[in-house]
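Comments concern the structure below.
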Ligand code: ASP
């Protein structure tokens, strides 16, 4: 379903806070479901509203931009998968020249994964691609949905807006830095180890960072979803790596601290890593600590593995970004060395090394 028109077409100029802001921006809304579009139909909340109905709940959007609405799917984001994000990226790419920006409504539960995947699929996009949603359905009186939707359109219509972003509770967050850190509060998303890009406050966009999207625009349309994330826990059996070898093309090891991989049971983990590499399974070492990232060479428990097996590490990237980058890097490399180099090369601001 796509192509329903909504909002204020044909207006030559818009006003924000009484100031003229030039040509009205053309923004495409891609709706995918989530709480923002949900109703309780008897068994808990489930997406029910269409893109057009969402726009109808926030008529002020028509004063901000010229909006067109398309329905991509209508899912709880628990059911969103990499193939949906590829579908969204393909659609953005198909109509990239026809619009000035894109707003994607999405469930909050996997929004950070969606943002990270879109970041790698639409690298260095000069036009804004803004994901938003809400903690409470747009039907409810005290919902955050209307503010979030309007704010996302305000940001997407701003002349300096660019890149893949999450907009939530007034904050514009870089697509690889967003993480859902609260299940209920309106300030559900945090920007991890990177400043908030901008705020939308009193109808205006206030930037903390401008011009952070600089590299060449590069668009991709594939992700390899066969990636397994293994969180190390004390005493974990290294046999998990053999399971991983049989079921995935890449394994992300969420290590301890700055990159500790256990060295017990006669080096069982090290042997498991060697078996994975022999089978051509890529391995990335991330940390399970929320902030400040890995530095594998700090301790012997990491140093030995990094030295010997040349495993790329995640540094200060979020788990969501690590997963997305791995899914993308698998599709553009055909050797362990190429994968290592691609993974450890910054894409935009995903790595600050
Ligand atoms: N379960 C919902 C979803 O992710 C939660 C939300 O949107 O806030 O679709």
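Residue numbers (the working numbering): 1 to 353.
Where a beta carbon is used, it is the ideal one built from N, C-alpha and C, also for glycine.
Considering only the beta carbon of each residue, do residue i and residue j sit closer than 8 Å?
{"i": "residue 33", "j": "residue 76", "result": "yes"}
{"i": "residue 31", "j": "residue 54", "result": "yes"}
{"i": "residue 336", "j": "residue 116", "result": "no"}
{"i": "residue 184", "j": "residue 173", "result": "no"}
{"i": "residue 236", "j": "residue 302", "result": "no"}
{"i": "residue 92", "j": "residue 45", "result": "no"}
{"i": "residue 265", "j": "residue 205", "result": "no"}
{"i": "residue 190", "j": "residue 176", "result": "no"}
{"i": "residue 37", "j": "residue 105", "result": "yes"}
{"i": "residue 58", "j": "residue 201", "result": "no"}
{"i": "residue 102", "j": "residue 64", "result": "no"}
{"i": "residue 222", "j": "residue 347", "result": "no"}
{"i": "residue 259", "j": "residue 285", "result": "yes"}
{"i": "residue 137", "j": "residue 39", "result": "yes"}
{"i": "residue 60", "j": "residue 29", "result": "no"}
{"i": "residue 125", "j": "residue 162", "result": "yes"}
{"i": "residue 80", "j": "residue 107", "result": "yes"}
What do you get for residue i, buried or exposed, if any count of 16 or more other CB atoms within 10 angstroms of its CB means buried?
{"i": "residue 179", "result": "buried"}
{"i": "residue 341", "result": "exposed"}
{"i": "residue 203", "result": "exposed"}
{"i": "residue 234", "result": "exposed"}
{"i": "residue 254", "result": "buried"}
{"i": "residue 171", "result": "buried"}
{"i": "residue 211", "result": "exposed"}
{"i": "residue 308", "result": "exposed"}
{"i": "residue 68", "result": "buried"}
{"i": "residue 132", "result": "buried"}
{"i": "residue 98", "result": "exposed"}
{"i": "residue 14", "result": "At residue 14 the pLDDT is 45, less than 50, meaning the model places this residue with poor confidence and gives no usable figure here."}
In chain order, what residues of the same chain lie with their CB nearer than 6 Å to the CB of residue i, ignoring the 5 residues before and after it?
{"i": "residue 187", "result": "169"}
{"i": "residue 224", "result": "249, 327, 330 and 331"}
{"i": "residue 109", "result": "77 and 78"}
{"i": "residue 238", "result": "268, 269 and 272"}
{"i": "residue 226", "result": "248 and 249"}
{"i": "residue 96", "result": "none"}
Comparing alpha-carbon positions, which option in the options lies nearest residue i?
{"i": "residue 114", "options": "333, 24, 318 and 48", "result": "318"}
{"i": "residue 127", "options": "119, 100, 104 and 332", "result": "100"}
{"i": "residue 198", "options": "155, 339 and 112", "result": "155"}
{"i": "residue 361", "options": "260, 258 and 241", "result": "With the chain represented from 1 up to 353, any question about residue 361 goes unanswered, as that position is not in the structure."}
{"i": "residue 338", "options": "97, 173, 283 and 298", "result": "283"}
{"i": "residue 51", "options": "149, 239 and 82", "result": "149"}
{"i": "residue 208", "options": "80, 73, 160 and 125", "result": "160"}
{"i": "residue 195", "options": "98, 350 and 35", "result": "350"}
{"i": "residue 120", "options": "82, 96, 95 and 153", "result": "82"}
{"i": "residue 324", "options": "74, 107, 295 and 112", "result": "112"}
{"i": "residue 333", "options": "314, 304 and 281", "result": "281"}
{"i": "residue 229", "options": "96, 314 and 118", "result": "314"}
{"i": "residue 220", "options": "310, 275, 94 and 277", "result": "94"}
{"i": "residue 274", "options": "310, 297 and 80", "result": "310"}
{"i": "residue 277", "options": "306, 297 and 295", "result": "306"}
Whose C-beta lies closer than 7 Å to the C-beta of residue i among residues of the same chain, with five residues either side of it excluded?
{"i": "residue 344", "result": "312"}
{"i": "residue 316", "result": "193, 292, 293 and 352"}
{"i": "residue 279", "result": "245"}
{"i": "residue 151", "result": "167, 170 and 200"}
{"i": "residue 231", "result": "254 and 288"}
{"i": "residue 295", "result": "258 and 259"}
{"i": "residue 118", "result": "85, 88, 89, 129, 164 and 175"}
{"i": "residue 297", "result": "303 and 306"}
Enumerate in chain order the residues of its own chain whose CB-to-CB distance from residue i is below 8 Å, with the five nearest sequence positions on each side excluded.
{"i": "residue 354", "result": "Shown here, the chain extends from 1 to 353; a query on residue 354 therefore has no answer."}
{"i": "residue 304", "result": "263 and 270"}
{"i": "residue 5", "result": "The predicted position of residue 5 is uncertain, since its pLDDT is 31 and thus under 50; a value taken from the coordinates is nonetheless stated next. Here the set comprises 68 and 69."}
Count the CB pairs spanning the segment 129–143 and the segment 216–225 that are closer than 8 Å, and state whether there are at least three. no
Contact between the segment 239–249 and the segment 288–303: three or more CB pairs below 8 Å? no
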